[in-house]
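K.L.:
Just remember that the working numbering sits 701 ahead of the position in the sequence shown, which is counted from 1.
In this text, a Cβ means the ideal position worked out from N, Cα and C, and glycines have one as well.
I'd like to ask some things about the structure below.
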Amino acid sequence: MMSISSWQSSAQAENYFQQDLDYYQKNQELGEWHITGEMSNRYQNIAHQSAITKESYQDFADLINQNLKGNATGNQRAGFDITFSPSKSIDVIYAVANDELKKSILQAQDRAVNLALEKASRYITYRMRNENGREHFQNNGLAIAKFQHLSNRNEEIKIHTHCFIANQTINSKGELVSIDNKQLYDNQKLITQIYHQELFQEMQKLGFQSEVLDIQKDILEIKGVTQEARNSISTRTAEIEKWLLENRKELLRKYPNANESQLRQIATLETRNYKQSHSYSELEEIELKNKNLVENTGFTKETIHQIQNLEKSNQKILSLDELTQKAAQLTTEHESTFTSEEILSRAIKLNAIQSYTYDLSTLENAVLNSDIIKLDENIYTTQEMINIEREILTYAQESKNTAQAETTLDKAEQFLSENFSTMTAGQKEAFSHVLTSKDAILGIQGDAGVGKTFMLKAVKEFQKLHKKDNLIGLAPTNKAADEISKESGIKGQTIDSFIHQRQHKQNQIIIVDEASMVDSRKMQKLTDIAQQTNSKLVLMGDTKQFTSIGAGAIFEQLQAKGAIEVAVMAESMRAKTADMKELYKLTKEQKTDAVLDILESKNQFQTIEAEDYSSVVKEYLQDKDNTLLLVMKNQTRQELNELIRDELKKDNSISSHQILHIQEKQQLDSISVHHYTSYEVGDMVQQAGSYKGSLKSGTEAVIASVNEELNSITLQDAKGNSKEVNLGEHGDKLNLYKTTQKEFSQNDKIIFTKKDKSLGLNNGDIGTVKEIKDGFLTVDTGKKEIKINTKEYNYIDHAYAITNHKAQGQTSERSIFVGDSRLSSQNAFYVALTRAKAHISIYTQDKEQFRDAVAERQVKRSTLDYNTEEILKRRANELTKIQGLHKSSDRSTAREQKTINLLHKLSNSVVVSNIKRLSDLLLQSDTLNNLANRFRRDANITVRPEINVVGRTQQPTIQIKGESMQTVYDKRREENAKYQEATQEINNQEGEKQNLAREQEKESFIDKIDKASELYERVEDIQRYLSDETGIKDIITSEQDLGVLEDMALNYDMREITQEALESFKHLAQDVVEVLENPTLEIFKDAMHKAVDMSNLFDKQLKHTREIENER
């Protein structure tokens, strides 16, 4: 792990170094200087030295202190410490290893620390004021003292390296300035991953294998080292854990803003013993004592030999291309664009799962040379995200004035005057917009509390009057969907259930509520359905509230780009007092400082005392039945719920207490859901998405077993049916719950955390416990009273405090917002304030920090923020220029760099990255099925008419699950015949030229089916021909890479590649392209024979080239 200490102040600096000198430089444990860049001039006396001596370290301290003196406050910062510690299993191996292995382990630690420190240094900056304000700039050198230690304060083997970084660098003007480590904190996880990656790869060179123990927490160990052995010299860890468990509640009261890592650091400081230095003989005694402790568990030198010779796992290894593609896919699950750090972090995590198959340099190059597209400085995306968001935008723009209006404006206004005359101007505008617009997609920007569902009720009444039943209401959650049904009379359902239903009605008005929470991928699916069913899409939401969890902010982008016409509903119907109306207005105008000034003047904006939440609890209990208590974090919610219940017990407001087993949903990241370490026997899962052979969606089951080797779990449902789940493929289709215990009482306020149709409950519903007895609860939900058997349904929790996200859509007379000063945003502030009708109170840890936080909107990144069309054109032009570089007069530098890149690819058994699609074709027999399936998908190509009229005719589609190619072929002929009849009238109108084009397109379409059918019939023969022994490598088709190969052959000692061989290779590339265009068995065979010959040639050349490179 990697930890970052707090800053050392100048008040501490005078004695800091002398006090810690003995600790940092224990006898026999010499440190090293890392003085980089322009700081070498500042520290001339020690920069040329390698080992740290007491004298040079004192000089180092004196130079820092000279710069700190004269500060009257004594608050200047001297520097901070980064500590790198390996996994405990490495300490265990060190404890019993021989001297040679011990030396190798320490060298591995040193190399890993040096690489991580180099990467970490990139995120240490200095700030400088310019015309743009204060900006961060890369440091121009650092002064670092590095010390490697072997034991902790409990005299247990604990290898760790301290890196003290002085608070100094040189700016662009040559001046000595302070450094800033905020970016380092932001990238702490990535640097930790880099350290672990390098360290475990070094351990692999010593014969050891890594294994993941907890993918969610990034816990890795050396395979074969037992938990008992790790615990034998881990009393320090147990000591910290015990103290943290006993003091967690008090810590959270005192430091409500602290994360888990910060809490552990506090626990570490609170429990540490006094620093001691040891003589060499004492260090030997410590090592001997630890060796005995480990050996007493049965872990000996012989065990080390055994685990160095363990058989490697049979788990599937992702190729470099597959890994980078997977990393990009996972990175764009939540954001449309990403930084290099974000995608590299996921790539390293995927690499860790497969025992660090690739080194860091290979991963970095693979990521940056993959198919990701650079949008701006350190901003990237994928072609998929560009396509998705551009497709939505294009459809919105091109479908304007192509739909049919439901009525005229006169008739709409007449209906309102006769039936809904009390509507606000915004409600009337939105009503008319829905019914009179001729656009296929339209928007309604409705602020909080403006009566959106009341407006929808009017739309429903109008359609009912005209005997039209074509309205469907969608929302992100069941609770919000039910609210649509209840308040407007329009049938409501979740967006997910609508997308996944098998059939959709034609000519609907699809109303999407809370559209700001719909991500780009879901929006694309909605626009596809609307297009296929000739339906209108009405996007209704509030861009000032929370954004989507998934990638993109497409609702806001469509408005910003002017792609949709938007009706605005701004008149608040919720605020009941003049003060609240003013606060609503200022908040909508983003004048958060003015809002907080008003609240502070009325004592409604207060600081939470460091010790507890007593003032929050006191205010809440004064009118708890009419107050919403909102928080940002789950741990704050749990803490407040406990405190409130403690107070309610005192006056017997709640009684008849019982301990119940409840299910708590686990929030797993996009990688952890696919890994077996996230699941334990006895955990409950719910099937959240179906696939062939899965349990029915919504089914609950218990995990009966976990298979590490296969990365799978076996589920058992209530009927005793078992089902194995391949987590790598289907882990994202499961919701995981873990059982915990909590006390519940009569009169407790509770929240339901999972939908249950039989009980009529939605996730987020709130109720009051009227009776509790023997595990049965009688709960008043406000709509009805229900009885719950907690052995059958136990998805409940306390609900005195709830998170801001759960509160979206709720209202109350009063609200209290406990705003985390670090995590708050303008969106969170807006949601919290607009829940209240009459009164709002805000509590936070730091008022100034809170003001800064709520001044900033939470903004989802989008590819539409960039001119992607121009970027793609420029990218294509750059690639074209690169291809011709070797022909230019100044080509040598570019050619040499390109050669280095290609050699790097060769060293990883990859000839060129852009041709992996062809290596898949020839390397693995099972991927031939994939090729055949691609041609089968061609059999489902739709021949879309290029028309743009009201009442568009759509090409019918068919499913081909499990059907033979002949069946598909026949069905497609039949469907095309029907399609031709359906579009004949339109064709007649378009003229003879268009008809001829359509006939040609249809003939081409039938040809594709014929080719697909032929290929499908021959796949079995091709599979028999291929075998794992053929050794076929990636096939080159890129002229760019062929040109580089020529240069290498002529100028870089690649003697084995002759011009004749290159020409043969080019012919082979053409054959492979022909395979894709005209797939026949004969061409396959010919191409594969040539590929085998060329593979052998390149294997020979690769060996020769590596020898030359080694000599150099």
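What is the C-beta distance between L1227 and V1239, in whole angstroms, given that I count them as a contact (C-beta under 8 Å)?
P.N.:
11 Å between Cβ atoms; not a contact.
K.L.:
Do R1338 and T1512 count as a contact pair if the criterion is CB distance below 9 Å?
P.N.:
no
K.L.:
Assign V1650 to one of three DSSP states: helix, strand, or coil.
P.N.:
With a pLDDT of 27 at V1650, under the threshold of 50, the modelled position of this residue cannot be trusted; read the value that follows with caution. Reduced to three states, the DSSP call for V1650 is coil.
K.L.:
Tell me the DSSP secondary structure of E1036 in three-state form.
P.N.:
coil
K.L.:
Skipping 5 residues on each side, what residues in its chain have a beta carbon closer than 7 Å to that of D1077?
P.N.:
Non-local C-beta neighbours of D1077 in its own chain, meaning closer than 7 Å and more than five positions away in sequence, comprise Y1567, ordered along the chain.
K.L.:
Could you check whether R1515 and H1540 sit closer than 9 Å to each other, using their CB atoms as the reference points?
P.N.:
Yes, the Cβ-Cβ distance between H1540 and R1515 is below 9 Å.
K.L.:
Can you find a CB in chain B that lies within less than 9 Å of the CB of D1077?
P.N.:
Although the question refers to chain B, the structure presented lacks it and comprises just one protein chain.
K.L.:
Assign L914 to one of two classes, buried (16 or more other C-beta atoms within 10 Å of its C-beta) or exposed (fewer than that).
P.N.:
With fewer than 16 other Cβ atoms within 10 Å, it is exposed.
K.L.:
Any idea which residues DSSP pairs A844 with across the strands?
P.N.:
I736
K.L.:
If you run the structure through DSSP and keep just helix, strand and coil, what is I1452?
P.N.:
strand
K.L.:
In terms of residues, what are the limits of the alpha helix (DSSP H) holding Y827?
P.N.:
First-last for Y827: T826 to N831, but that is the beta strand (DSSP E), not the alpha helix (DSSP H).
K.L.:
How about the stretch 1384 to 1392 and the stretch 1430 to 1439: do they share at least three Cβ pairs that are nearer than 8 Å?
P.N.:
yes
K.L.:
Using alpha carbons as the reference points, say which of V1151, Y1081, E899 and G1127 lies closest to T1058.
P.N.:
E899
K.L.:
Please check the pair L1061 and I895, which I expect to be a contact at CB under 8 Å, by giving their CB distance rounded to whole angstroms.
P.N.:
6 Å
K.L.:
Could you tell me whether the Cβ atoms of K1538 and T1137 are closer together than 9 Å?
P.N.:
no
K.L.:
Out of curiosity, what's the CA-to-CA distance linking A1149 and Q767?
P.N.:
Cα to Cα, the separation comes out at about 57 Å.
K.L.:
If we ignore side chains and look at the alpha-carbon of each, how far apart do N1079 and E1036 end up?
P.N.:
Cα-Cα distance, rounded: 14 Å.
K.L.:
Hey, how far is the Cα of V1160 from the Cα of F1132?
P.N.:
6 Å
K.L.:
Just the Cα atoms here: how many angstroms apart are Q884 and K1334?
P.N.:
23 Å
K.L.:
DSSP three-state call for D811: helix, strand or coil?
P.N.:
It is helical.
K.L.:
Using DSSP's beta-bridge definition, name the partner residues of L1175.
P.N.:
Q1194 and V1213
K.L.:
Whose C-alpha, out of Q1367, R1346, Q1368 and Q1364, is nearest the C-alpha of H1358?
P.N.:
R1346
K.L.:
Where do the N-terminal and C-terminal ends of the beta strand (DSSP E) with H1134 fall, by residue?
P.N.:
Run containing H1134: none in the beta strand (DSSP E); it sits in the alpha helix (DSSP H), A1126 to T1137.
K.L.:
Any idea if K943 is buried or exposed, counting beta-carbon neighbours within 10 angstroms, 16 or more meaning buried?
P.N.:
exposed
K.L.:
Less than 9 Å separating the beta-carbons of S1041 and V1068?
P.N.:
yes
K.L.:
Could you spell out where the beta strand (DSSP E) holding M1385 opens and where it closes?
P.N.:
M1385 to Q1388
K.L.:
Closer than 7 Å by C-beta to L1880: which residues in its own chain qualify, once you throw out the five before and the five after it? Chain order, please.
P.N.:
Since the displayed the chain opens at 702 and closes at 1813, residue 1880 lies outside it and no answer follows.
K.L.:
Mind checking whether N1015 and E1430 have CB atoms under 9 Å apart?
P.N.:
no
K.L.:
Within this structure, are the beta carbons of L1460 and Y1494 separated by less than 9 Å?
P.N.:
yes
K.L.:
Quick check on the burial criterion: 16 or more other C-beta atoms within 10 angstroms. Buried or exposed for T1454?
P.N.:
buried
K.L.:
With DSSP as the reference, label V1382 as helix, strand or coil.
P.N.:
coil
K.L.:
Please list the segments of the alpha helix (DSSP H) lying wholly inside the stretch 1350 to 1382, counting only runs of 4 or more residues, in order along the chain.
P.N.:
You should have found no qualifying run.
K.L.:
Distance check for G1399 and D1475, CA to CA, integer angstroms please.
P.N.:
Using only the alpha carbons, I get a separation of about 27 Å.
K.L.:
Have a look at the DSSP bridge pairing and note the partners of Y1438.
P.N.:
K1366 and M1385
K.L.:
Return yes when the Cβ of I825 is within less than 9 Å of the Cβ of L807, no when it is not.
P.N.:
no
K.L.:
Using a 10 Å radius around the Cβ and a threshold of 16 neighbouring Cβ atoms, would you call I644 buried or exposed?
P.N.:
The displayed coordinates of the chain run from 702 to 1813. Any statement about residue 644 would go beyond what the structure contains.
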